[in-house]
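Number of protein chains: 2
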Amino acid sequence: MSDTQNTSFINKPDNHSKNALKSPDRSAATHQYDAAIQALQAQFGDKLSTNMTVREQHGHTMTWLANQPPDAVLSAQDKHDVAKAVEICHQHKMPVIAFGIGSSLEGQLNAPYGGLCIDMHALDAVLQVNNEDLTVTVQPGVTREQLNHYLRDTGLFFPIDPGANASIGGMVATRASGTNAVRYGTMKDVVLALEVVTASGEIIKTGTRAKKSAAGYDLTRLMVGSEGTLGIVTEITLKLSGIHECVASGLCHFPTIEDACQAVMLTIQMCLPIARIELLDALQIKACNQYAHLNLAETPTLFVEFHGTEAGVHEQAQSFSDIIEEFGGTDFVWDTDETERKRLWEARHNAYHASSALRPEAKALSTDACVPISRLAECVSATAKDIEDAGMIGPIVGHVGDGNFHVLLLVNTDDPDEVSKAENIIDRLAKRAIEMDGTCTGEHGIGQGKQKYMQQEHGSALIMMQAIKQALDPHNILNPGKIWPSLP
Amino acid sequence: MSDTQNTSFINKPDNHSKNALKSPDRSAATHQYDAAIQALQAQFGDKLSTNMTVREQHGHTMTWLANQPPDAVLSAQDKHDVAKAVEICHQHKMPVIAFGIGSSLEGQLNAPYGGLCIDMHALDAVLQVNNEDLTVTVQPGVTREQLNHYLRDTGLFFPIDPGANASIGGMVATRASGTNAVRYGTMKDVVLALEVVTASGEIIKTGTRAKKSAAGYDLTRLMVGSEGTLGIVTEITLKLSGIHECVASGLCHFPTIEDACQAVMLTIQMCLPIARIELLDALQIKACNQYAHLNLAETPTLFVEFHGTEAGVHEQAQSFSDIIEEFGGTDFVWDTDETERKRLWEARHNAYHASSALRPEAKALSTDACVPISRLAECVSATAKDIEDAGMIGPIVGHVGDGNFHVLLLVNTDDPDEVSKAENIIDRLAKRAIEMDGTCTGEHGIGQGKQKYMQQEHGSALIMMQAIKQALDPHNILNPGKIWPSLP
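Here the protein sequences come in this chain order: C and S. First residue of the first sequence? That's 1 in UniProt numbering, and the numbers climb one at a time after it. First residue of the second sequence? That's 1 in UniProt numbering, and the numbers climb one at a time after it.
What follows is the structure in structure tokens.
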């Protein structure tokens, strides 16, 4: 990685620059924020709440980071509410944070500098389905389960499945992916176009419904994954997928994680169009057995799903069976019947709750990393050893076709020693992934939790990101203090 | 589309802004460029040429746009040459344009403000193949045919096929795609990471070899398609695909373009993983018949390719046969034998030369547009009518699975009336595509030729693009006058 010297190519944000990415000054600005909130109250009336319970609900985190509530919460009813609210915040230089359903995992929704939280839950309309084009346009508050429910009679589905029933807007913000990504891609691959409220409250459109374009900069992909720091999304046009005639689910066991990873690599090299391929380590299987009274062999296990025609799915299952045999895979069972499929995947679906039940009094903290698949076994094994050495409990589940995996650390967050041990495990994992030419997060995002790895991962490219932020949000009002710290 | 009012959200480039996207002032700056060229000569010696023939070769266009040669051409030998040259250009505020193989179609390589052209042909090394990860890292001068030749024994291939034997660097710059895009995506989908020389001559890296990441802004996709206006690419890491066990090629005829498009839509809705699906209109087939002494029915024709296992390919072909029957498709023939496949696709492979031969004394000018597939038949038919009404010759070929198609207008470019008619056809096509919620270019890019449509297609988002350009290239030295005009 390059360092940050010789960064004259851009207007480097620094303490001397008038518009640097500086922190909104809370202490000096209280009066200013009061004026902003008065202006918002005048504009929105009952849609605006300053109730502390409501504020705390919107500043919650899924981490050990402290709750940092916003000063007020707006329940936006349409895009014009969002645009007007941002315009007011822009006038008063007050931070503004969009809220979907609150399932982000790295403190993306905290309000370290206060400001306004715009809750998008009422923007929950599916605006337009185009069956012939396999596209849909939705408001950001629609959740992925709502969307798939809406689509149930169309023969189409929205394939991105990050586990949580996240809002589509939130999934855009964190560049979400999940179990289907190995075949269907991530949010970066399925977003065709966005409607975005900019830092000054203007509504713009990025992209069209054409499947591809070579007309100028790819603002859509710049917005996807920007965690609300470059604009607030008010409409999303997505590519959908056709539902295949036949779906089969299955699982098999391996002597070691290395063997399982080798089988996954060969599966992908052989062009098997696998729809899901998930690794659960031995501890995770043990947790699932205990939780759901299952009787699975407590060894590294792959859960797989095949999508295709009936003949195609049978052929895929046979090819997969041949592949795993080479690497000591055993007890491969699979089925196309829906009830049986659910039974086979029960352990995978219950992974989170099963893990939590290993230590019910602890908080379950999820972290993720992503590496080239050739390094996956090494990365998972070294991480498992770190967890063991620390005497902690941390089952591992991986979207292994992408080289992406999660550790669920069970931590007593009231014990500073445990928190420190957990932080150390996460720290070593993030750095290890980057050293393996991977990334400190495959799908959870940076938020507040992973800012310290941005320099190591991106080098001088980080300065380029900050130059873009400064150009598009000169007052640093859009979700400040996320992705990188605001400068003092 | 929104208009450009209320654009205060960014430092709007305008005549009052010190660092607006203004034209390098050639007349006043001659002396300054002389100094820059002297500095480049001192640095690079014989690697730098100011020979007019060499300069004109590097300012060529594939359009009716006049040749605008650079002031000098550097044959870069490595990334450090590129970085040093850009640094010198930066010091002297002289334009700098990267040159791959010269196959861009919208004047991307012209030098309207002079400056330095950096020829990348010597940066032609395949640096690293990672079979296990299906990735490769190459220098920008490698062409797609060179890369696939290099990969021939690995079981892997690079799937993006824009027709021309383009350089990978050029394909990054224009966000190229082509016949395989319906299954394998475009350059935006296969580029994992880039090494980029910034406007000040610094070398940065965007992305890693991990298949996905949620760590900060997607600079990789911002660079892809930016036509050399945000940085010069010196290394590219690509995702590869496994070569399938079986490939089948085929063709079939339809009564109308509408019927052919309906068959394509159903093919995609039915989840058929079609690898290529190309439409040739009746005139194009007639041209191919004449050129290669073929005997194809002169009606709209689909050329298809299936990739998969042997059983899978047979199943796909059978399903496709069933689908086309619904829409009057006839004479479907297909084969898996390589010689026979080539024979079947001969007409498609010869399309360009066959079209040109319809009027050998004319110049063949290629334009493209892309629309939602549900609008494709209407867009193609209206365009064909425009061509007929103008009394011109312009066969149509489409990457129809993406809603993307090309018109090859055969124009006597010495006849202003013909040029005007051709411009009018292209103008109506671009505007029609945008009105259909599509784009004025699916894969050729904007360059100089399509700048006038950026406002209609992007509205205020255009201002956001320009703010990014200004932030990353404040002196506007990177390929100025492309994508949008430089301001006076």
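Just so it is clear, CB atoms sit at the ideal spot from N, CA and C, and this is done for glycine as well. Bear in mind that the values here come from a model prediction, so they are computed numbers and not experimental data.
Coarse secondary structure for residue i, derived from DSSP in three states
i	result
Val379/S	Per the sequence shown, the amino acid found at residue 379/S is Cys instead of Val. It is helical.
Glu298/C	coil
Cys89/S	helix
Thr63/C	coil
Asn289/S	helix
Asn148/C	helix
Gly163/S	coil
Val407/S	strand
Ile203/C	strand
Asn412/C	coil
Phe99/C	strand
Lys239/S	strand
Glu361/S	coil
Phe44/C	helix
Thr220/C	helix
Cys252/C	strand
Val142/S	coil
Val371/S	coil
Ile463/S	helix
Ala29/C	The pLDDT assigned to Ala29/C is 48, lower than 50, so where the model puts this residue is not dependable; a value taken from the coordinates is nonetheless given after this. Three-state DSSP puts Ala29/C in a helix.
Asp331/S	strand
Supposed close pair residue i, residue j - CB separation, criterion 8 Å
i	j	result
Lys450/S	Ala430/S	6 Å
Phe254/S	Gly328/S	6 Å
Min CB distance residue i to chain C below 9 Å
i	result
residue 489/S	One cannot answer for residue 489/S here, as it falls past the ends of chain S, which runs 1 to 488.
Tyr184/S	no
Ser319/S	yes
residue 495/S	Chain S is shown from 1 up to 488; residue 495/S falls before or after that span and cannot be answered.
His121/S	no
Pro144/S	Reading off the sequence, residue 144/S comes out as Arg, not Pro. Not an interface residue.
Glu132/S	yes
Pro444/S	The question names Pro, but residue 444/S is His in the sequence shown. Yes - at least one Cβ of chain C is within 9 Å of the one on His444/S.
Thr299/S	no
Pro485/S	no
Cys440/S	yes
Lys469/S	yes
Residue i, buried or exposed, once every other Cβ within 10 Å from all chains shown has been counted against 16
i	result
Arg343/S	exposed
Lys385/C	exposed
Gly45/S	exposed
Arg152/S	exposed
Leu272/S	buried
Pro416/C	exposed
Val333/S	exposed
Met52/C	exposed
Gly391/C	exposed
His353/S	exposed
Asp473/C	buried
Ile387/S	buried
Pro300/C	buried
Gln38/C	exposed
Thr50/S	exposed
Close Cβ partners of residue i (< 6 Å) along its chain, the five nearest in sequence each way excluded
i	result
Leu266/S	Ile323
Thr61/S	Gly107, Asn110
Neighbourhood of residue i by C-beta, 7 Å cutoff - its chain only, sequence neighbours within 5 removed
i	result
Val419/C	Trp64, Val411, Thr413
Ala166/C	Gly100, Ile101, Ser103, Thr143, Arg144, Ala176
Thr210/C	Reading off the sequence, residue 210/C comes out as Ala, not Thr. Around Ala210/C: no qualifying Cβ.
Arg348/S	Glu278, Leu280, Phe303
Interface flag, residue i vs chain S, CB-CB below 9 Å
i	result
Gly459/C	yes
Glu202/C	yes
His244/C	yes
Glu315/C	yes
Val136/C	no
Leu147/C	no
Pro273/C	yes
Same chain, Cβ closer than 8 Å to residue i, five either side skipped, listed in chain order
i	result
Val380/S	Ile257, Cys261, Leu279, Asp281, Ile396, Gly398, Phe405
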